[in-house]
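Heads up, the sequence shown is in my numbering, so the first residue is 70 and it goes up one at a time. Below is one structure, written out as structure tokens, with a few remarks after it.
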Amino acid sequence: MNNKILDGKTLGMKIRESLKERVEQLKSKGVTPGLGVILVGENPASVIYVNSKEKACQKAGIFTITRRFPAEIDEKTIFQKIDEFNNDDRIHGILVQLPLPPHINEAKTLRKILPEKDVDGFHPMNLGKLMLGEETFVPCTPLGIVELMKYYGINPEGKNTVILGRSNIVGKPLANLLIQKREWSNATVTVCHTKTENITKHTKKADILIAAMGRAEIIKGDMVKRGVVVIDVGQNKVIDPEAKKGYRLVGDVEFSSVFPKAKAITPVPGGVGPMTIAMLLSNTVKSAESKIEKGG
Ligand code: GUN
């Protein structure tokens with residue numbers, strides 16, 4: 070593969086392979102790492118994500134229980150299910166797939182997950198620790214991005230790092246991760262969002278550009294400087310009658326015009342997506358290991 074391409078698919082597989090050994094170690098101590106998943110409704114992207122997360126867990130030897138609820142389900146039933154997972158010794162990680170239907174309070178739901186089982190790192194306690202630079206579960210996409218950059222020797226220290234998008238899942242935790250006073254961090258971070266005036270003014274200054282807005286191919290070649298490192302978090306479906314499925318997956322970055330100017334770039338698919346899944350598995354194994362360390 071071209072060495073400009075940051076290949077998350079291969080690295081993700083490598084990480085998943087190495088996790089298998091840690092799972093075997095745990096099993097030899099009588100513990101099988103377990104992930105409890107809650108999926109509400111039938112959002113097509115969420116269904117695909119949850120299926121691939123389940124499959125990846127099974128391949129790594131991680132036990133999974135997935136509870137699928139119709140979109141009309143009430144909050145109380147979801148909270149009860151989270152509580153069951155909280156109290157289930159076989160479950161080391163709990164994941165509530167987002168987004169939730171509008172009648173379910175997302176913040177309240179995420180607070181119900183025990184912080185020590187919060188492998189998504191979305192509980193306010195874990196997000197607070199992340200902000201303070203303390204050891205915690207780090208949200209999977211930001212963690213995957215940092216691991217991918219580390220693997221390719223891309224150090225954000227002192228670099229103008231521009232994050233497009235301020236979601237609780239990617240933009241906000243990633244900004245916090247990259248401004249920490251430690252190795253593979255120390256970046257100068259700018260976060261752009263829907264109210265940012267003149268986005269191009271910022272993107273043109275970026276040494277590292279991370280696009281996480283969920284808008285198909287919105288970042289074009291003339292918006293970036295030569296030598297930029299581009300991390301594309303977008304996974305947008307665009308209609309393509311020539312594609313087998315009738316659509317194709319594209320990022321937030323227009324690959325064809327940005328690639329020639331970039332020093333390095335993640336492809337879509339095969340960049341950030343597989344890293345997110347690998348990090349979920351890694352956090353689940355870490356949770357099982359730390360439970361053993363604390364005495365079961
Ligand atoms: N929806 C989109 N990305 C994620 C993720 O990383 N975790 C969860 N729980 N939901 C998501």
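Note that beta-carbon positions come from the ideal geometry of N, C-alpha and C, so glycine has one too.
Would you mind reading off the limits of the beta strand (DSSP E) that contains residue i?
i	result
residue 251	No beta strand (DSSP E) holds residue 251; DSSP gives it neither H nor E.
residue 306	305-308
residue 346	Where residue 346 is concerned, there is no enclosing beta strand (DSSP E), although the alpha helix (DSSP H) it sits in stretches over 341-362.
According to DSSP, is residue i part of a helix, a strand, or is it coil?
i	result
residue 313	coil
residue 162	strand
residue 85	helix
residue 103	strand
residue 199	helix
Under 8 angstroms, do residue i and residue j count as touching if we go by C-beta distance?
i	j	result
residue 294	residue 256	no
residue 133	residue 179	no
residue 321	residue 291	no
residue 263	residue 288	no
residue 281	residue 239	yes
residue 161	residue 353	yes
residue 38	residue 216	Outside the shown range of the chain, which is 70 to 365, sits residue 38, and nothing can be said about it.
Exposed or buried, residue i, counting other C-beta atoms within 10 Å across all chains shown (16 or more means buried)?
i	result
residue 151	buried
residue 177	exposed
residue 114	exposed
residue 131	buried
residue 201	exposed
residue 172	exposed
residue 316	exposed
residue 208	buried
residue 81	buried
residue 303	buried
residue 365	exposed
Would you please state the rounded distance, in angstroms, between the beta carbons of residue i and residue j? I believe it to be under 8 angstroms.
i	j	result
residue 327	residue 335	About 11 angstroms separates the two Cβ atoms, so there is no contact after all.
residue 155	residue 122	In fact, because the Cβ distance is near 19 angstroms, the residues do not count as touching under 8 angstroms.
residue 243	residue 166	20 angstroms between Cβ atoms; not a contact.
Would a check of beta-carbon distances place residue i closer than 8 angstroms to chain B?
i	result
residue 365	No chain B is part of this structure, which consists of one protein chain only.
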